[in-house]
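Count the sequence shown with numbering that gives the first Met the number 0 and you get residues 0 to 180, in order.
Working notes for the structure below.
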Amino acid sequence: MRLLLICLCLLQAACVSVDGTTNWYQGECQKSAEDCALERAAERMLAACTVTANSYPYARDRAMLDEYAQLFTEDAHFQIEGQPALQGRPALVAGLQARAAANELRHMSQVVDMQATGEGTARGVSYVTIWRVGAEAWSNGDRTVHGPWIVAEYHDEFRMQGKRCLISDRLVKIVFAGPDF
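This is how it looks when you write it as structure tokens:
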């Protein structure tokens with residue numbers, strides 16, 4: 000019994016942090032309750048931001064204007080390298096309408112990095128491959144593609160609004176582009 004008590008005391012002593020709080024759960028040392036709550040909130044935010052980033056290709060490729068607009072903050076900034084920037088949801092939607100009429104696209108994207116940058120803010124990078132068929136060919140039933148049209152990176156800044164994580168800034172960095180880009 001005495002040996003068991005000594006072992007328990009040693010185990011608890013090993014799980015006392017510098018500030019004196021006891022941080023253990025199921026035999027493992029843990030952070031304070033406040034730190035754990037902050038960590039869980041950050042994890043929820045990063046998950047919400049990842050959902051937003053992953054929702055973009057579907058809404059964009061199908062020109063779902065309302066769903067597309069709701070992925071961005073009201074004052075969002077969107078720029079494709081080498082092209083004029085778009086500012087605000089109305090400009091982003093107008094840009095999508097113009098681009099969607101010219102091409103049938105499919106975006107294949109993957110979030111490769113997502114990090115919290117502050118309370119309610121995050122930064123993420125997605126790799127994207129864009130396949131394109133011109134609108135005229137598409138309307139004639141031609142689905143022929145000759146390799147990816149663009150390989151790019153989305154460099155995003157996110158901001159929480161309520162329980163949703165929205166894109167506040169997107170810079171599209173072109174890595175490779177087809178000859179007709």
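For each residue, glycine too, the CB sits at the ideal point set by N, CA and C.
Only a predicted model underlies this, so the values are computations on that prediction, with no experimental measurement involved.
Do you know how far the Cα of residue j is from the Cα of residue i?
i: residue 60; j: residue 107; result: 10 Å
i: residue 21; j: residue 38; result: Interpretation of residue 21 is limited by its pLDDT of 44, a score under 50 that renders its predicted location unreliable; no figure is taken from the coordinates.
i: residue 103; j: residue 144; result: 11 Å
i: residue 75; j: residue 152; result: 18 Å
i: residue 162; j: residue 36; result: 16 Å
i: residue 90; j: residue 71; result: 11 Å
i: residue 119; j: residue 44; result: 7 Å
i: residue 30; j: residue 124; result: 29 Å
i: residue 100; j: residue 67; result: 15 Å
i: residue 174; j: residue 85; result: 21 Å
i: residue 154; j: residue 33; result: 31 Å
i: residue 139; j: residue 97; result: 20 Å
i: residue 56; j: residue 40; result: 26 Å
i: residue 158; j: residue 166; result: 6 Å
i: residue 179; j: residue 148; result: 8 Å
i: residue 109; j: residue 121; result: 17 Å
Residue i bridges to which residues according to DSSP?
i: residue 117; result: 120
i: residue 150; result: 128, 175
i: residue 168; result: 76, 156
i: residue 163; result: 160
Please indicate yes or no: does the CB of residue i lie closer than 7 Å to some heavy atom of the ligand PLP?
i: residue 52; result: The ligand PLP is absent from the structure shown, which contains no ligands of any kind.
Go through the segment 83-113 residue by residue and report every complete run of the alpha helix (DSSP H) that reaches 4 residues or more, in order. 88-101
Sequence ranges, alpha helix (DSSP H) only - wholly within the segment 29-84, length at least 4: 32-60, 64-68
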